[in-house]
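Remarks on the structure that follows.
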Amino acid sequence: MTVETAISLSEDQKTVAKKKIVDLSQAVGTLHRYIEEGRPIDVEFAKTVACVTEYKLSDLCKTLGIETFGTKEREERHAKLRAANLEIHELQTQLGKTLSPEATQEAIKNIAAHLNKWWNLDGFGYVHDLEFGQYGVCHGRFSCSLHGTFRLIDSDTPVSDKENKATWIDSLRERGFELIKDGREWAILDCDTSRKAIIDLFAERIPSAKVVKFDNYNRTRAGDFVLSNAEVYIYKLSEILALPIPAEEAQ
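Take the sequence shown: its position 176, counting from 1, is numbered 176 in UniProt numbering, and each next residue is one higher.
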């Protein structure tokens with residue numbers, strides 16, 4: 001007879017779990033609304049919802065300390081990806097400094113591309129001035145512009161993109177970001193709450209990362225200072241390759 005163990009959560013874990021459940025519900029709710037109203041569902045839109053849902057569900061499972069077949073399969077896929085990308089580094093460690101300049105350059109390009117895909121997946125744009133120091137430390141300026149993956153101009157699915165973007169904006173608020181309208185677009189208000197949300201994001205996804213500086217600027221329309229960049233140092237490159245990115249891009 002199998003004895004089931006109850007999940008015990010701290011107050012912090014309960015709060016985090018509830019936020020992740022809200023994010024998950026919002027993503028699924030968008031698709032449910034389309035089905036309920038009998039509206040046509042664009043394939044790319046459905047893929048986006050599925051990707052976001054999978055991403056949020058994985059986060060929730062980690063918070064609850066449980067493992068499903070889906071999360072296990074995803075972790076195995078990420079493990080294979082990490083192994084493939086770290087193969088060159090492992091060979092260098094085992095055989096000495098035998099890595100060719102070309103192979104080193106290719107490995108750095110892969111790490112940089114993975115980091116950019118992750119930051120773009122979260123909707124914050126691009127990583128600028130990315131550098132790799134002599135001690136293996138990665139340094140860059142992470143854009144704080146709210147781009148997302150919603151092409152509202154010249155889009156084949158403007159209504160879907162608009163609703164999906166609204167859901168994404170709501171999820172950012174749930175994660176602690178203070179947002180204000182900058183003309184037609186949203187921007188991240190420069191305040192302690194928003195800065196903490198970004199620091200927490202890096203602490204969760206890249207434990208070795210250290211946010212050392214924020215850049216801001218004043219927008220006349222917004223009437224306040226908004227965040228433009230976060231300057232970050234990453235001390236363990238292996239953590240970059242473990243970051244979640246869209247499955248089709250990870251292959």
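Ideal Cβ placement from N, Cα and C applies to all residues, glycine included.
Terminal residues of the beta strand (DSSP E) in which His128 lies:
127-132
Do you know how far the Cα of Phe214 is from the Cα of Glu131?
Distance between the alpha carbons of Glu131 and Phe214: 18 Å.
Per the DSSP calculation, Val22 is bridged to which residue(s)?
Looking at the DSSP assignment, Val22 forms no beta bridge with any residue, so it has no partner.
Just the Cα atoms here: how many angstroms apart are Gly29 and Glu102?
48 Å
Using the C-alpha atoms, what's the distance from Thr63 back to Asp12?
10 Å
Compute the Euclidean distance between the alpha carbons of Val212 and Leu115, then round it to the nearest angstrom.
18 Å
Residue range of the beta strand (DSSP E) that Phe214 falls in?
209-219
Of the residues Thr15, Asp23, Leu9, which one's Cα is nearest the Cα of Ala166?
Asp23
The beta strand (DSSP E) with Ile188 in it runs from where to where?
185-188
May I ask you to report which of helix, strand or coil DSSP gives Ile206?
coil
Beta-carbon proximity list for Arg141, same chain, < 6 Å, skipping 5 on both sides
His128, Asp129, Asn229, Glu231
At the level of alpha carbons, what is the spacing between Lys20 and Lys181?
Rounded to the nearest angstrom, the two C-alpha atoms are 25 Å apart.
Contacts around Gly65, its chain only, beta-carbon distance under 8 Å, and the 5 residues preceding and following it disregarded
Same-chain partners within the cutoff: Ile7.
Is the CB-CB distance between Tyr55 and Pro244 below 7 Å?
Taking a C-beta distance under 7 Å as the contact criterion, Tyr55 and Pro244 qualify as a contact pair.
Return helix, strand or coil for Gly140, following the three-state DSSP convention.
strand
Reduced DSSP secondary structure (H/G/I, E/B, other) of residue 273:
Any property of residue 273 remains undetermined from this structure, which presents the chain solely from 1 to 251.
Helix, strand or coil at Ala230 [DSSP, three-state]:
Ala230 carries a strand assignment under DSSP once its states are collapsed to helix, strand and coil.
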